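These notes are about the structure you will find just below.
Chains as they are written, first to last, in the working numbering: chain V, -9 to 189; chain U, 3 to 215.
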């Protein structure tokens, strides 16, 4: 009665039929079978100029996910992942394994996207301004994020740059992950701390 | 007074309700009962509304679903919202029952869930099975785990931005949940809860007309 098809197969360079957003699906992506996306809005901030800016395996679902990359960004996602209303924000590299579940409101970022130094930050505001030239932005640091197979990430959790999350780990809702998470561990809180070890 | 769905909405041939000037074309499901003054910003927030109950959502007078408030409701889910309650970019995830009272305020990014969406107690096999089922469904409806428990927000609650209210929780009258707080236990009336992990940090003066306090 209320079931309406809102998903489309994700095919490189191909527009989505009936898309509510007038965007396009980038050419420089590689997708497996039965991988679906809701709207090209997911790629609004996809600026990767790499040969493959996004690699997604089979049976992946992107629902309201922001797949945002800078020019050098490369995001890789395995098979059978479900990613909803999350922001993947990538300056260089985010690697996600198979069967990873990412709930709403999650942010995964491999960079802070601005320098820490106050003078450089000031220069950044000028380069980013309507009067500036984004080519003159000061360099930023990026450290890859790696999320292994079977990881579950709860609502509104945040994964910061350089983080490695081991196989089968669970990130509880609202956790702010600032340190590596060993395989099979559940973490929660800000900063995230282990709350139990799965057998 | 704001334009609202009842002034500008029309019922389509499919019985769905179409809001005039809605940027999203899906429309609202037919099995909902909204008071005439209810405001709905867009039907986009209803694209995950799959409840098959005859009446799966009721919203009282003067309440509104503003911005990208999302109601993600599966087969038997039922949501009730009272009067003069503000859902401002909130996500409700419902497989069982979510009841929200009168005069509540729910901020952007907050999540109210009655379902064990990312419950760490479910086995790896179960998690894999849930993902496999989702990928096999062309509508990509995530099958909720069996670990559901109704959530109740009493009157006059205030839930801050990015807060998460987990299954089984009851928020007492007049309480305040600070931004980004994850609540996994019942909050007594007029308490202020904040932090991560969540802690009750103070109590507010009860409403003068509250006979229970």
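Think of the CB as a built atom: it goes at the ideal place given N, C-alpha and C, for glycine as much as any other residue. Source: prediction; values computed, not measured.
Of all the CB atoms in chain U, is at least one closer than 8 Å to the CB of residue 149 of chain V?
Looking up residue 149 of chain V in the first chain gives position 159. No - not a single Cβ of chain U is within 8 Å of the one on residue 149 of chain V.
Using a C-beta to C-beta distance shorter than 9 Å, which residues of chain U count as neighbours of residue 133 of chain V?
Indexing the first chain from 1 puts residue 133 of chain V at position 143. Residues of chain U passing the Cβ test: none, with the nearest at roughly 24 Å.
Would you call the segment 63 to 72 of chain V and the segment 36 to 46 of chain V in contact, with 3 or more CB pairs under 8 Å?
yes
Which class does residue 31 of chain V belong to by DSSP, given the choice of helix, strand or coil?
Counted from its first residue, the first chain places residue 31 of chain V at position 41. Three-state DSSP puts residue 31 of chain V in a helix.
Would you say residue 39 of chain V faces chain U, with C-beta separation under 8 Å as the test?
On the first chain, position 49 is the one that residue 39 of chain V refers to. Not closer than 8 Å to any Cβ of chain U, the Cβ of residue 39 of chain V fails to qualify, so no.
Residue ranges of each beta strand (DSSP E) run of no fewer than 3 residues wholly in the segment 1 to 76 of chain V, ordered along the chain?
19 to 21, 44 to 46, 51 to 53, 56 to 59, 64 to 67, 72 to 74
According to DSSP, is residue 172 of chain U part of a helix, a strand, or is it coil?
Start at 1 with the first residue of the second chain, and residue 172 of chain U comes out as number 170. Correct three-state label for residue 172 of chain U: strand.
Grouping DSSP H, G and I as helix and E and B as strand, with all else coil, what is residue 181 of chain V?
Residue numbering aside, residue 181 of chain V sits at position 191 when the first chain is read from its first letter. Of the three classes helix, strand and coil, the one that applies to residue 181 of chain V here is coil, per DSSP.
Would you say residue 189 of chain V lies against chain U (beta-carbon separation less than 8 Å)?
Here the question's residue 189 of chain V lines up with position 199 in the first chain. Its pLDDT being 40, under 50, residue 189 of chain V is placed unreliably by the model, and the measurement read from it follows with that caveat. No, no contact with chain U.
Check the Cβ of residue 111 of chain U against every Cβ in chain V and list those closer than 8 Å, keeping chain order.
Numbered from 1 along the second chain, position 109 holds the residue referred to as residue 111 of chain U. Under the 8 Å cutoff, chain V gives 95, 146.
Where do the N-terminal and C-terminal ends of the alpha helix (DSSP H) with residue 127 of chain U fall, by residue?
As a working note, residue 127 of chain U is residue 125 in the second chain. Residue 127 of chain U -> alpha helix (DSSP H) spans 126 to 138.
Helix, strand or coil for residue 144 of chain U, going by three-state DSSP, please let me know.
As a position in the second chain, residue 144 of chain U is number 142, starting the count at 1. Residue 144 of chain U: coil per DSSP, three-state reduction.
Can you check the segment 79 to 111 of chain U for any alpha helix (DSSP H) of at least 4 residues that lies completely inside it and give the ranges in chain order?
none
Quick check on residue 169 of chain V: does DSSP put it in helix, strand or coil?
Taking the first residue of the first chain as 1, we reach residue 169 of chain V at position 179. In the structure shown, residue 169 of chain V sits in coil (DSSP, three-state: anything other than H, G, I, E or B).
Give every residue of the same chain whose Cβ lies closer than 7 Å to the Cβ of residue 110 of chain V, excluding the five residues on either side of it in the sequence, and list them in chain order.
In the first chain, the residue the question calls residue 110 of chain V occupies position 120. Excluding positions up to five away in sequence, the list reads 128.
By the 10 Å Cβ neighbour count, where 16 or more other Cβ atoms means buried, how is residue 53 of chain V classified, buried or exposed?
Translated into the one-based positions of the first chain, residue 53 of chain V becomes position 63. Around the beta-carbon of residue 53 of chain V, 16 or more other beta-carbon atoms lie within 10 Å, marking it buried.
By the 7 Å beta-carbon criterion, what residues does the segment 126 to 156 of chain U contribute toward chain V?
For the segment 126 to 156 of chain U, the set of positions with a beta-carbon nearer than 7 Å to some beta-carbon of chain V reads 126, 129, 130, 133, 134, 136, 137, 140, 141, 142, 144 in chain order.
Name, please, each residue of chain U whose Cβ falls closer than 8 Å to the Cβ of residue 7 of chain V.
Within the first chain, residue 7 of chain V is the residue found at index 17, counting from 1. Within 8 Å of the CB of residue 7 of chain V, no CB atom of chain U is found; the nearest one sits about 12 Å away.
Between residue 178 of chain V and residue 57 of chain V, what straight-line distance do the alpha-carbon atoms span, to the nearest angstrom?
Taking the first chain and counting its residues from 1, the one referred to as residue 178 of chain V is at position 188. Taking the first chain and counting its residues from 1, the one referred to as residue 57 of chain V is at position 67. Roughly 25 Å separates the two Cα atoms.
Can you tell me the Cα-Cα spacing of residue 1 of chain V and residue 20 of chain V, whole angstroms?
In the first chain, residue 1 of chain V corresponds to position 11, counting from 1. In the first chain, residue 20 of chain V corresponds to position 30, counting from 1. Those two C-alpha atoms are separated by around 8 Å.
Residues of chain V with a CB under 8 Å from the CB of residue 199 of chain U: which are they?
Your numbering for residue 199 of chain U matches position 197 in the second chain. Correct list: 178, 179.
Would residue 156 of chain V and residue 138 of chain V qualify as a contact pair, given that the criterion is a beta-carbon distance under 8 Å?
Residue mapping note: residue 156 of chain V aligns to position 166 of the first chain, counting from 1. Residue mapping note: residue 138 of chain V aligns to position 148 of the first chain, counting from 1. Between residue 156 of chain V and residue 138 of chain V, the C-beta gap is smaller than 8 Å, which places the two residues in contact.
Any beta carbon from chain V within less than 8 Å of residue 178 of chain U's own beta carbon?
Walking along the second chain from the start, residue 178 of chain U turns up at place 176. So, not an interface residue.
For residue 96 of chain V and residue 35 of chain U, I'd like the C-alpha separation in whole angstroms.
In the first chain, the residue the question calls residue 96 of chain V occupies position 106. In the second chain, the residue the question calls residue 35 of chain U occupies position 33. The C-alpha of residue 35 of chain U is placed about 32 Å away from the C-alpha of residue 96 of chain V.
May I ask which residues mark the beginning and end of the beta strand (DSSP E) holding residue 70 of chain U?
In the second chain, residue 70 of chain U corresponds to position 68, counting from 1. First-last for residue 70 of chain U: undefined, no H or E at that position.
Output the boundary residues of the beta strand (DSSP E) element that contains residue 115 of chain V.
Position 125 of the first chain, counting from 1, holds the residue named residue 115 of chain V. It is not in any beta strand (DSSP E) - residue 115 of chain V instead sits in the alpha helix (DSSP H) that spans 108 to 118.
What span of residues does the beta strand (DSSP E) with residue 201 of chain U cover, start to end?
As a position in the second chain, residue 201 of chain U is number 199, starting the count at 1. Element bounds for residue 201 of chain U: 201 to 205.
Can you grab the Cα-Cα spacing for the pair residue 167 of chain U / residue 10 of chain V, in whole Å?
To locate residue 167 of chain U, count along the second chain from 1; it is residue 165. To locate residue 10 of chain V, count along the first chain from 1; it is residue 20. Their backbone Cα atoms lie some 31 Å apart in a straight line.
Taking only beta-carbon atoms, is residue 26 of chain U less than 8 Å away from chain V?
Your numbering for residue 26 of chain U matches position 24 in the second chain. Interface residue, yes.
Less than 7 Å between C-beta atoms, sequence neighbours within five positions excluded: which residues of the same chain meet that for residue 64 of chain U?
As a position in the second chain, residue 64 of chain U is number 62, starting the count at 1. Excluding residues within five positions, the ones whose Cβ falls inside 7 Å are 39, 85, 86.
Is there at least one Cβ from chain U nearer than 8 Å to residue 51 of chain V's Cβ?
As a position in the first chain, residue 51 of chain V is number 61, starting the count at 1. Closer than 8 Å: yes.
Using beta carbons (cut-off 8 Å, strictly below), is residue 112 of chain V in contact with chain U?
In the first chain, counting from the first residue as 1, residue 112 of chain V sits at position 122. For residue 112 of chain V, no CB of chain U lies under 8 Å from its own CB, so it is not counted at the interface with that chain.
I need the straight-line Cα distance from residue 114 of chain U to residue 164 of chain U, nearest angstrom please.
For the purposes of this step, residue 114 of chain U is taken as residue 112 along the second chain, with counting starting at 1. For the purposes of this step, residue 164 of chain U is taken as residue 162 along the second chain, with counting starting at 1. Taking the straight line from one Cα to the other gives about 10 Å.
Any beta-carbon of chain V closer than 8 Å to the one on residue 71 of chain U?
Within the second chain, the letter at position 69 stands for residue 71 of chain U. So no, residue 71 of chain U is outside the interface.
Look at residue 10 of chain U and residue 25 of chain U and say whether their C-beta atoms are less than 8 Å apart.
One-based indexing of the second chain puts residue 10 of chain U at position 8. One-based indexing of the second chain puts residue 25 of chain U at position 23. Contact: no.
Apart from the five residues on each side of it in sequence, which residues of its chain come closer than 6 Å, Cβ to Cβ, to residue 116 of chain V?
Locating residue 116 of chain V in the first chain gives position 126, counting from the first residue. Hits under 6 Å: 122.
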